[in-house]
Amino acid sequence: MTNDRPPTRGAVAGSIMLAATLLCAGVGLGVGALVGATVPLLIVGLGVGFAAGIALVRAHFGDL
Numbered sequence: 275m276t277n278d279r280p281p282t283r284g285a286v287a288g289s290i291m292l293a294a295t296l297l298c299a300g301v302g303l304g305v306g307a308l309v310g311a312t313v314p315l316l317i318v319g320l321g322v323g324f325a326a327g328i329a330l331v332r333a334h335f336g337d338l
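By the count of this note's numbering, the sequence shown reaches residue 338 at its end, each step adding exactly one.
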């Protein structure tokens, strides 16, 4: 049995998770700084980013 999948798939999946989390946290931080609720919106951005990262990884790597 041969393995046709590249060995770096896990690293790519982790990079997608990290990028989505940091991007959403940055957006939450920026919006929070504008409205005066920096920490709460940063935390919300982290949660949304983590959920979005999971959804992106599941969509891209369904068999990982």
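Yeah, the Cβ is synthetic: ideal placement off N, Cα and C, and Gly gets one too.
Check whether residue i and residue j have beta carbons under 8 Å apart
| i | j | result |
| --- | --- | --- |
| Ala299 | Gly323 | yes |
| Gly327 | Met291 | yes |
Heavy atom of the ligand SAH within 7 Å of residue i beta-carbon
| i | result |
| --- | --- |
| Ala299 | The ligand SAH is not part of this structure, which contains no ligands at all. |
Cβ neighbours of residue i in the same chain (closer than 7 Å, five flanking residues each side left out)
| i | result |
| --- | --- |
| Ala329 | none |
| Thr312 | Leu303, Gly306 |
Exposure label - residue i; buried when at least 16 CB within 10 Å
| i | result |
| --- | --- |
| Thr295 | buried |
| Leu308 | exposed |
| Gly319 | buried |
Residues of its chain near residue i, where Cβ-Cβ distance is below 8 Å and the 5 sequence neighbours each way are ignored
| i | result |
| --- | --- |
| Pro314 | Gly306 |
Enclosing alpha helix (DSSP H) for residue i [first to last residue]
| i | result |
| --- | --- |
| Ala311 | Per DSSP, Ala311 belongs to no alpha helix (DSSP H) and is neither H nor E. |
Contacts around residue i, its chain only, beta-carbon distance under 6 Å, and the 5 residues preceding and following it disregarded
| i | result |
| --- | --- |
| Pro280 | none |
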